[in-house]
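Residue numbers (mature numbering (1 follows the signal peptide of the UniProt record, and there is no 0)): -22 to -1, 1 to 392.
Have a look at the structure below, then the notes.
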Amino acid sequence: MKTYLICIASAAMLSACGGSSGGSSGDAGQPTTPTTPTTPTTPVTGQCQSSAKSVQWDKVIAADAQNLADYQLFSNPCDPTQNPSARGLAYDLSVPLFTDYASKYRFVFIPPDKKAQYHASETFDFPVGTVITKTFTMPADTSQRGIDHERLLETRLLIKREGGWIARPYVWNEQGTEAQWDLTGENLVIDDLKHLNESFNFTYAVPNQNSCTTCHQFNPNGDDDAVDGVDPTPAFFRPIGPKARYLNSDYDYGQGPENQLQKWLAEGLLEGLPASNTDIDSTPEFSDSTALADITASAQLLQDTSKAWLDINCGHCHRKEGQASNTAFRVDWNIPWLGNEQYHGACAVAVSGAGESSIIIIPGDADNSLLYQRMHTQEPGDAMPPIGRNVIHQEGTALVKAWIDAMDPSLCSL
């Protein structure tokens, strides 16, 4: 595992790596004198022109390119945040996964004459050759986002090949001119990330290729139906975000907001979509700029938004088919809260985990609920989610705290 030190000092410069794992500000063992990347003498846009007109589909299906640019996914090989090649489309999630306040730029690429198959509640069924890209960038200050104010960190690829999905992380160099496939992952120090009135210093880790299975592994049998200890259908790797409920929302493609699912349909990337958007599930929208007061005004909206946040951040593991299926805490969106409160952890004793409380959710008392305590700590081994964050998500924890505090305390006596 190689370690690079990065200072977020010059917001205008594009630069190196990241994913998220490691310590918080002041952690022992972190380098104390980060080096500042050298500013390119030639503007990045001047170095990175490409004559490519289309994705190199043959390479996508058969080859592990050492350089991200070899796949020709973007018109400018140094800018994976906009202008995808043909058959590529930007998308966003109504409730995004939190990763240390990094910005994320998502694209899907589907080969010509192929389409993804709609699914009402799970990840779409994508054809062989599909590429899903997610580029992570780090702003100097979260109040000023956009690639002109951010450093390129990493671009993660999920590629659907004949044998299934594979993960390929690509790490950007300090100048933001090249992204190389990195099998083992890399660490770097983020220095002085500003969010609201706080500054954060932490180690950001690009995950190694194998660690991606922690979140992306899906066991269709869950913890049931094993015969002599062997599941009849083996677990498999799959994407998490591209689900109907997170895409049934608007995105501005340059000519005003459009429904994302309808855009996928119009671009020939999706089939099987119901005729009306009202027949498609959706979640409330939530981001770091969402006013909590607007959510807490409605008990139902507060519950739905909290469940959506927990689903995208925790539900891929904390569900019957996930890595944490043996716990007393499951928060997949498809299971309604009403009548399944204990399934979600209400009044339930945790199987394991550190914290002052052993009860996962104590209705009416977030501060003494293990769920909130683990969301609100940065201690390794205690913090949840266990990977992907070193900074406490202030907005997410405030949302879940408000939800728990609003629950009826008598729920546990029923």
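We put the CB at the ideal spot given by N, CA and C, even for glycine.
Three or more Cβ pairs drawn from the segment 168 to 185 and the segment 118 to 135 lie within less than 8 Å of each other, which places the two stretches in contact. Three or more Cβ pairs drawn from the segment 49 to 60 and the segment 29 to 38 lie within less than 8 Å of each other, which places the two stretches in contact. If you ignore the 5 residues before and after Gln320, its C-beta comes within less than 7 Å of the C-beta of Ala326, all in its own chain and listed in chain order.
Taking one beta carbon from each stretch, the segment 309 to 319 and the segment 283 to 294 have 3 or more pairs nearer than 8 Å; the two touch.
Around the beta-carbon of Asp289, 16 or more other beta-carbon atoms lie within 10 Å, marking it buried. In this model, Asn346 and Ile168 are separated by some 32 Å (Cα to Cα). Annotated three-state conformation of Glu249 is strand, per DSSP.
Counting every other CB atom within 10 Å of its CB across the protein chains shown gives Asn179 a total of 16 or more, marking it as buried. The DSSP-derived three-state label of Gly142 is strand. Using a 10 angstroms sphere on the CB of Ser81, the tally of other CB atoms reaches 16 or more, which defines it as buried. Burial state of Thr256 is exposed, judged by a 10 Å Cβ sphere holding fewer than 16 other Cβ atoms. Taking a C-beta distance under 8 Å as the contact criterion, Phe76 and Gly374 qualify as a contact pair. In this structure, DSSP gives Asn318 a state outside helix and strand, which the three-state scheme calls coil.
Taking all protein chains shown into account, Asn188 has fewer than 16 neighbouring C-beta atoms within 10 Å of its C-beta and is therefore exposed. Of the residues Gln351, Pro252 and Asp57, the one whose Cα lies closest to the Cα of Phe114 is Asp57.
Per DSSP, Asp289 is one residue of the alpha helix (DSSP H) stretching across Ala277 to Cys292.
In this structure, Ala145 is the residue among Gln95, Ala145 and Thr268 with its C-alpha nearest to the C-alpha of Pro217.
Taking a 10 Å sphere around the C-beta of Glu128, we find 16 or more other C-beta atoms and assign the residue as buried. In the three-state scheme derived from DSSP, where H, G and I count as helix and E and B as strand, Gly124 is classed as coil. Shown here for Lys37: same chain residues with a beta carbon closer than 7 Å to its own, the five before and five after excluded, namely Ala43, Asp48 and Tyr49 in chain order. The alpha-carbon separation between Lys112 and Val73 amounts to approximately 15 Å. Assignment of Glu152 by DSSP, reduced to helix, strand and coil, places it in the coil class.
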